[in-house]
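Participant: Chains as they are written, first to last, in our numbering: chain A, 1147 to 1379; chain B, 8 to 161.
Cβ coordinates follow ideal geometry from the N, Cα and C atoms, glycine included.
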Amino acid sequence: MSTLAHYLESEGIASTLVSLIKYQSDAVRPPRALWVPYELGRPLGEPHDEAFQRAVLQAVIGLLDAPAGPVSEDYEVEAPSTHDNPDWQAPDVTGAPTLADELERLAPLHQAYRDAHGGSHVGLSQLAMADIAAAVIGYPTGAALAKPTAMAAPALSELVRLRYAVDDIKTYYLEAALGQGGPLPSSRQLHTWLWHGTQLAAALRDLRGRGLAADDAKFSTVADRFLIPRDWR
Amino acid sequence: MARLSDLSAGTRAAVTGLDCPQFDEVPWVTPPPPSERVVTLISSAGIHGRHEPPFAGADAAGYRALPESTADIDLVMSHVSVNFDRSAFLMNPASILPRQLLAQMQTEGVIGRAADEHYSFMGATDPVAMEPQARALAAQLRARGVNTAVLLPV
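1) For A/A1301, count neighbouring C-beta atoms within 10 Å of its own C-beta (all shown protein chains included) and say buried if the count is 16 or more, exposed if not.
2) Output yes if chain B places a C-beta closer than 7 Å to the C-beta of A/P1216; else output no.
3) What number of angstroms, rounded off, separates the C-alpha of A/A1242 from the C-alpha of A/I1283?
4) Distance cutoff 7 Å, beta carbons only. Does B/S94 sit that close to anything in chain A?
5) For A/K1168, which option in B/W35, B/R142, B/V22 has the closest C-alpha, if you only look at C-alpha atoms?
6) What residues in the stretch 135 to 153 of chain B bring their beta carbon closer than 8 Å to a beta carbon of chain A?
7) Just the C-alpha distance for A/Q1170 and A/P1331, rounded to the nearest angstrom, thanks.
8) Under three-state DSSP, which class holds B/M84?
9) Pull up the distance between the alpha-carbon of B/A16 and that of B/G119, whole angstroms please.
10) What residues of chain A sit near B/R10, judged by a beta carbon separation below 7 Å?
11) I'd like the list of long-range same chain contacts for A/G1357, defined as Cβ closer than 6 Å, with 5 residues on each side in sequence excluded.
12) For A/P1232 and A/L1324, what's the separation of their Cα atoms in angstroms?
13) Checking 7 Å against the spacing of the C-beta atoms, do B/L144 and A/P1189 come in under that value?
14) Looking at the strands, I want to know which residues DSSP matches up with B/I103.
15) Considering B/T47, what are the terminal residues of the beta strand (DSSP E) in which it resides?
16) If we call anything under 7 Å between Cβ atoms a contact, is B/R10 one with A/P1183?
17) To the nearest angstrom, how far is it from the Cα of B/L148 to the Cα of B/N154?
18) Which residues bound the alpha helix (DSSP H) around A/D1362?
19) Drop a sphere of 10 angstroms on the beta-carbon of A/Q1345, count the other beta-carbons inside from all chains shown, and report buried for 16 or more, exposed for fewer.
20) Using a Cβ-Cβ cutoff of less than 6 Å, which residues in the same chain neighbour A/A1236 once the five nearest sequence positions on both sides are dropped?
21) Give the interface partners of B/G130 over in chain A, defined as CB-CB distance under 8 Å, in chain order.
22) As an exercise, report each continuous alpha helix (DSSP H) stretch of at least 4 residues that is fully enclosed by the stretch 10 to 38 of chain B, in chain order.
23) Of the choices B/I54, B/Q113, B/A78, B/L109, whose alpha-carbon is the least far from that of B/A67?
24) Pick from B/R44, B/I103, B/S51, B/D26: whose alpha carbon is nearest that of A/F1198?
25) Among the candidates A/L1163, A/V1312, A/T1287, A/A1274, whose CA atom is the shortest distance from the CA of A/A1348?
26) How is the alpha helix (DSSP H) around A/P1254 delimited, first residue to last?
27) From A/W1378 to A/L1353, what does the alpha carbon distance come to, in whole angstroms?
28) Within 7 Å of any Cβ in chain B, is that where the Cβ of A/A1292 sits?
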């Protein structure tokens, strides 16, 4: 974002940015940067806390009032959701023998998420969840990824479609966990459940293993870097 | 926690190992006074409408427009990195694209006007490769009367 800000400012657009990695904004030196202490993926700190988000937004816009630059400030307000919520319960998928069974158990929770949010953010691959599960289990064999979709994009490689399919099923799981309603978990709690307690995690680790062992270098790269977060491998 | 000390060793190595562009000079625009600021939001989350082309291949260095007519629930994320938390986006898309908050600030007179269109790039792209598209976006913003940009990373 710092480099984007540089280009925009040089074209006459006053820019101000939130910085999540101070090391990077210090190196690039954009015109105005507000470093915040939040985890990657959370530029405004707290989901579902408008007052908290508003305060951050107000602070970063406030940098525009500085008479000269570059401006670099630190916003040292910690996000409460950094800490685990003791009242949150993970979805119970204990004993689900297969990925298909686990998806079936999560279906009501995912429907609850859809009801609460008016839909879902699943859909990048435009594949049905059953086809996604088949691809995760079977790739590189099987034809699940070859099914035609209405995807409004230039032809994508099978590996990009695999990546999107995996993104979709991970989104489905997280939405199902959030579909429980009630107390919100920390991101650590959500990912601990996903990566340590599900058939999906086992299936994705198997897929990654097949990729790392494959002769296809592109498959190996995708499997190594683009399926499972680094901190959860 | 985006303090380097709070990141895992692997993630810390990844973010500090990136080749950050360095410029001899810092460009500077005197911003308009608050009442005249027309503000757009620019995200690096790789988000777009669900029927829009994903950020892939030749399209990875570009940007997507996010008009007010695209509801939060119709946004999908095609960012290539799996190493940031996506759950906040799933809980509350406004936590990465605060369109409603910006509209509130317009109503309260904190800013002049919230732009009717916001934008997303895909932040894993080499930033130098984004330059042509960034300058093209700037031209588009000027044409739409937008004079201020708030950039939000993931």
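Facilitator: Well, looking at it:
1) Along the first sequence, one-based indexing puts residue 1301 of chain A at 155. Exposed, because fewer than 16 other Cβ atoms sit within 10 Å of the Cβ of A/A1301.
2) Start at 1 with the first residue of the first sequence, and residue 1216 of chain A comes out as number 70. Cβ-Cβ to chain B under 7 Å: yes for A/P1216.
3) For the purposes of this step, residue 1242 of chain A is identified with residue 96 of the first sequence, where counting begins at 1. For the purposes of this step, residue 1283 of chain A is identified with residue 137 of the first sequence, where counting begins at 1. In a straight line, the C-alpha of A/A1242 is about 15 Å away from that of A/I1283.
4) Numbered from its first residue, the second sequence carries residue 94 of chain B at position 87. Taking Cβ atoms only, chain A reaches closer than 7 Å to B/S94, which makes this a yes.
5) For the purposes of this step, residue 1168 of chain A is taken as the residue at position 22 of the first sequence. Proximity to A/K1168 across B/W35, B/R142, B/V22 peaks at B/V22, based on C-alpha coordinates.
6) Those would be V135, M137, E138, A141, R142, L144, A145, A146, L148, R149, V153, in chain order.
7) Taking the first residue of the first sequence as 1, we reach residue 1170 of chain A at position 24. Taking the first residue of the first sequence as 1, we reach residue 1331 of chain A at position 185. Spanning the alpha carbons of A/Q1170 and A/P1331 requires a straight line of approximately 29 Å.
8) As a first step, residue 84 of chain B is located in the second sequence; it is residue number 77 there, counting from the start. Looking at B/M84 - three-state DSSP - the assignment turns out to be strand.
9) For the purposes of this step, residue 16 of chain B is taken as residue 9 along the second sequence, with counting starting at 1. For the purposes of this step, residue 119 of chain B is taken as residue 112 along the second sequence, with counting starting at 1. Roughly 44 Å between the two C-alpha positions.
10) Numbered from 1 along the second sequence, position 3 holds the residue referred to as residue 10 of chain B. Residues of chain A passing the Cβ test: P1183.
11) Residue numbering aside, residue 1357 of chain A sits at position 211 when the first sequence is read from its first letter. Taking C-beta separations shorter than 6 Å and ignoring five residues to either side along the sequence, the partners of A/G1357 in its chain run F1365, S1366, A1369, following chain order.
12) What you label residue 1232 of chain A is simply residue 86 of the first sequence in a count that begins at 1. What you label residue 1324 of chain A is simply residue 178 of the first sequence in a count that begins at 1. In a straight line, the C-alpha of A/P1232 is about 15 Å away from that of A/L1324.
13) Residue mapping note: residue 144 of chain B aligns to position 137 of the second sequence, counting from 1. Residue mapping note: residue 1189 of chain A aligns to position 43 of the first sequence, counting from 1. No, they are not a contact pair.
14) In the second sequence, counting from the first residue as 1, residue 103 of chain B sits at position 96. Note: B/I103 sits in no beta bridge, so no partner.
15) Residue numbering aside, residue 47 of chain B sits at position 40 when the second sequence is read from its first letter. Boundaries of the beta strand (DSSP E) harbouring B/T47: 45 to 50, taken from the DSSP string.
16) Translated into positions along the second sequence, residue 10 of chain B becomes position 3. Translated into positions along the first sequence, residue 1183 of chain A becomes position 37. In this structure, A/P1183 lies closer than 7 Å to B/R10 by Cβ.
17) Counting from 1 along the second sequence, the entry for residue 148 of chain B is found at position 141. Counting from 1 along the second sequence, the entry for residue 154 of chain B is found at position 147. Going by the C-alpha atoms only, they are around 7 Å apart.
18) Residue numbering aside, residue 1362 of chain A sits at position 216 when the first sequence is read from its first letter. Judged by DSSP secondary structure, A/D1362 falls outside any alpha helix (DSSP H); it is assigned neither H nor E.
19) For the purposes of this step, residue 1345 of chain A is identified with residue 199 of the first sequence, where counting begins at 1. Buried, since its Cβ has 16 or more Cβ neighbours within 10 Å.
20) Position 90 of the first sequence holds residue 1236 of chain A. W1339.
21) The residue you call residue 130 of chain B lines up with position 123 of the second sequence. Simply M1147.
22) Those alpha helix (DSSP H) runs which fall completely within the stretch 10 to 38 of chain B and span 4+ residues are 16 to 23.
23) Counted from its first residue, the second sequence places residue 67 of chain B at position 60. Ranking the options by Cα distance to B/A67, first place goes to B/I54.
24) Within the first sequence, the letter at position 52 stands for residue 1198 of chain A. Closest by alpha carbon: B/I103.
25) As a working note, residue 1348 of chain A is residue 202 in the first sequence. Ranked by how close their Cα comes to the Cα of A/A1348, the residues A/L1163, A/V1312, A/T1287, A/A1274 have A/V1312 in first place.
26) Sequence index remark: in the first sequence, residue 1254 of chain A carries index 108 (1-based). Segment 1245 to 1263, the alpha helix (DSSP H) holding A/P1254.
27) Working through the first sequence from its first residue, we reach residue 1378 of chain A at position 232. Working through the first sequence from its first residue, we reach residue 1353 of chain A at position 207. The straight-line gap from Cα to Cα measures roughly 15 Å.
28) As a position in the first sequence, residue 1292 of chain A is number 146, starting the count at 1. No, A/A1292 does not count as interfacial toward chain B.
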